[in-house]
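Trainee:
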Amino acid sequence: MSESTVVRSLPDSEWSSFIEKHPNGNIFHTPEMFEVFSKTQGYRPSLWAVIDHNRCPLALLLPVEIFLSNGLLRYFTTRTVVYGSVLWSPSEEGGKALRLLLQSYIRDGGGASLFTELRNITNLEAVQPVLREKNFVYEDHLNYLIDLSRSPEAIFQNIGPRTRKNIRRALSRGDVVIEEVTRREQIREWYGLLQLTYKAAKVPLADCSLFETAFDILLPKGMIRYTLARVGKAVAAISAELIYKDVIYGWYGGMDRAYSSYVPNDLLTWRILEWGAQNGYRMYDFGGAGKPDQEYKVRDFKAKFGGSLVCFGRNSYVHRPFLTRIAKQWYPLVRRWL
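Be aware that the sequence shown starts at -5, since it is given in our numbering, and climbs by one per residue.
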């Protein structure tokens, strides 16, 4: 065996150990999350890794090919997302392994995808030269991180004054009740509001199988938490948080605007942050806040909670330049039907 070798599978024990010990290992690198994606309709994950002569991982890439449509539209909508981005051993050997890994993926990966997007949730400045060399083009993308190592009172005081007032009023009135989803059959109700939210935003949404499978696989291991806010019997806001190590990741959320006067989303978000602080978590990752040069209402909402604004960006490699150019022109017109 050569000094470093590209492989397409890893034993779960070695895979998990590499992520758990790595300071930048995150929920999206785990075998559990890989299994969730593999059982989701329209998703096809794959594993790419480089191991040393002892078969120890040096670099890891977990692309997920996503199909939004069948037929002709499939050629213009299929993309690959690397949630959690690349992971490599922080050493000279690890840097070489990452270069080998990307080179192998570019040559043999990509499938039917227009492009592959690395969603960076930690600072990858150290390997941006390698990514540029392999034509993974960088683009700014923002996020908010909230320090949960403080007391709930300190976290609350860092929230914007208007939002604090809204939360206090909601707590005083008692019209909004926060519930944790503990039964699988509740996922359909939870997902129903998520569908309405994404339909209003004209953004494609993952199939319900993603959330049902996450419930089946992640919930028993304490790696996910589904919550919802009710006004009476109606579901007014929902959220899903992924949990790994000492970090809580905001994954999906939605709200019924018919109940916006009750500020259910403000109260739900606060209760999630409070829960995280009370249960010993270090950080809440808001899961992205858009491009800095574009207006984004979701970013405005997340900014109210007083987190630190960071820009770890994204890197994209285009597999099919011509089809990608066409897709970018037509996607805004067809996405409402996807």
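C-beta: ideal position from N, C-alpha, C; glycine also.
Around the C-beta of Asn273, are 16 or more other C-beta atoms found within 10 angstroms, so that it is buried, or is it exposed?
Mentor: exposed
Trainee: Would you mind stating whether Thr24 and Val75 have Cβ atoms separated by less than 9 Å?
Mentor: no
Trainee: When we look at the beta-carbon of Lys337 and count the other beta-carbons within 10 Å, is it buried (16 or more) or exposed?
Mentor: The structure shown does not extend to residue 337, since the chain is modelled only from -5 to 332, so the question has no answer here.
Trainee: Starting from the Cα of Phe130, find the closest Cα among Val225, Met249, Tyr192 and Ser310 and give me that residue.
Mentor: Ser310
Trainee: By the DSSP assignment, the alpha helix (DSSP H) with Phe12 in it spans what residues?
Mentor: Asp6 to Lys15
Trainee: Check this for me: beta carbons of Ile115 and Gly78, under 9 Å apart or not?
Mentor: yes
Trainee: Using alpha carbons as the reference points, say which of Ala234, Arg219, Ile161 and Gly154 lies closest to Asp294.
Mentor: Gly154
Trainee: CB Arg162 to CB Gly105, shorter than 9 Å?
Mentor: no
Trainee: Pull up the distance between the alpha-carbon of Asn117 and that of Arg167, whole angstroms please.
Mentor: Between Asn117 and Arg167, the C-alpha separation is close to 42 Å.
Trainee: Since Gly300 is in the alpha helix (DSSP H), which residue starts that stretch and which ends it?
Mentor: Unbroken run through Gly300: none, as it is neither H nor E.
Trainee: Please say whether Met277 and Thr191 have beta carbons closer to each other than 9 Å?
Mentor: no
Trainee: So what's Tyr243 in DSSP terms, helix, strand or just coil?
Mentor: strand
Trainee: Among the residues of its own chain, which have a CB less than 7 Å from the CB of Gly216, if the five just before and after it don't count?
Mentor: Cβ neighbours of Gly216 beyond the five flanking positions: Ile237.
Trainee: Touching or not, the region 296 to 316 and the region 134 to 154, by the rule of three or more beta carbon pairs under 8 Å?
Mentor: yes
Trainee: Does any residue of chain C have a CB that is nearer than 9 Å to the CB of Arg38?
Mentor: Absent from the structure is chain C; it holds one protein chain and no more.
Trainee: Given a cut-off of 9 Å on the beta-carbon distance, is the pair Gly19 and Leu81 in contact?
Mentor: yes
Trainee: Once DSSP output is grouped into helix, strand and coil, what is the label at Cys202?
Mentor: helix
Trainee: With H, G and I counted as helix, E and B as strand and the rest as coil, what does DSSP make of Ile211?
Mentor: helix
Trainee: Assign Asn160 to one of three DSSP states: helix, strand, or coil.
Mentor: helix
Trainee: Give the DSSP bridge partners of Tyr138, in chain order.
Mentor: Leu303
Trainee: Assuming contact is defined by CB atoms lying nearer than 9 Å, are Phe280 and Ala234 in contact in what I supplied?
Mentor: no
Trainee: When you compare each of Ile21, Glu14 and Leu41 to Leu4 by their alpha carbons, which one comes out closest?
Mentor: Leu41
Trainee: Going by alpha carbons, who is nearest to Val312 out of Leu55, Pro84, Glu(-3) and Arg126?
Mentor: Arg126
Trainee: Going by C-alpha distance, which of Glu183, Lys193, Ile211 and Glu289 is nearest Arg224?
Mentor: Glu183
Trainee: Of all the options Leu213, Leu222 and Leu62, which has the alpha carbon lying nearest to the alpha carbon of Tyr185?
Mentor: Leu222
Trainee: Does the beta-carbon of Gly247 have 16 or more other beta-carbons within 10 angstroms, so that it is buried, or is it exposed?
Mentor: Burial state of Gly247 is buried, judged by a 10 Å Cβ sphere holding 16 or more other Cβ atoms.
Trainee: Can you list, in chain order, the residues of its chain whose CB lies under 6 Å from that of Val0, leaving out five sequence neighbours each side?
Mentor: Val44 and Ser98
Trainee: If Ser107 sits next to Glu59, beta carbons under 8 Å apart, how far is it from one beta carbon to the other, in whole angstroms?
Mentor: 6 Å
Trainee: I'd like to check one pair, Ile13 with Leu52: are the Cβ atoms closer than 9 Å?
Mentor: no
Trainee: Give the DSSP-derived three-state secondary structure of Ser145 in the structure shown.
Mentor: In the structure shown, Ser145 sits in coil (DSSP, three-state: anything other than H, G, I, E or B).
Trainee: Going by alpha carbons, who is nearest to Ala91 out of Glu(-3), Val175 and Asn48?
Mentor: Glu(-3)
Trainee: Could you tell me the boundaries of the beta strand (DSSP E) in which Thr110 lies?
Mentor: Segment Phe109 to Arg113, the beta strand (DSSP E) holding Thr110.
Trainee: With a threshold of 16 other CB atoms inside 10 Å of the CB of Asp169, please say whether the residue is buried or exposed.
Mentor: buried
Trainee: Classify Asp260 as buried or exposed, calling it buried when 16 or more other Cβ atoms lie within 10 Å of its own Cβ.
Mentor: With a threshold of 16 other beta carbon atoms within 10 Å, Asp260 meets it and is buried.
Trainee: Where does the unbroken beta strand (DSSP E) through Asp279 begin, and where does it stop?
Mentor: Met277 to Asp279
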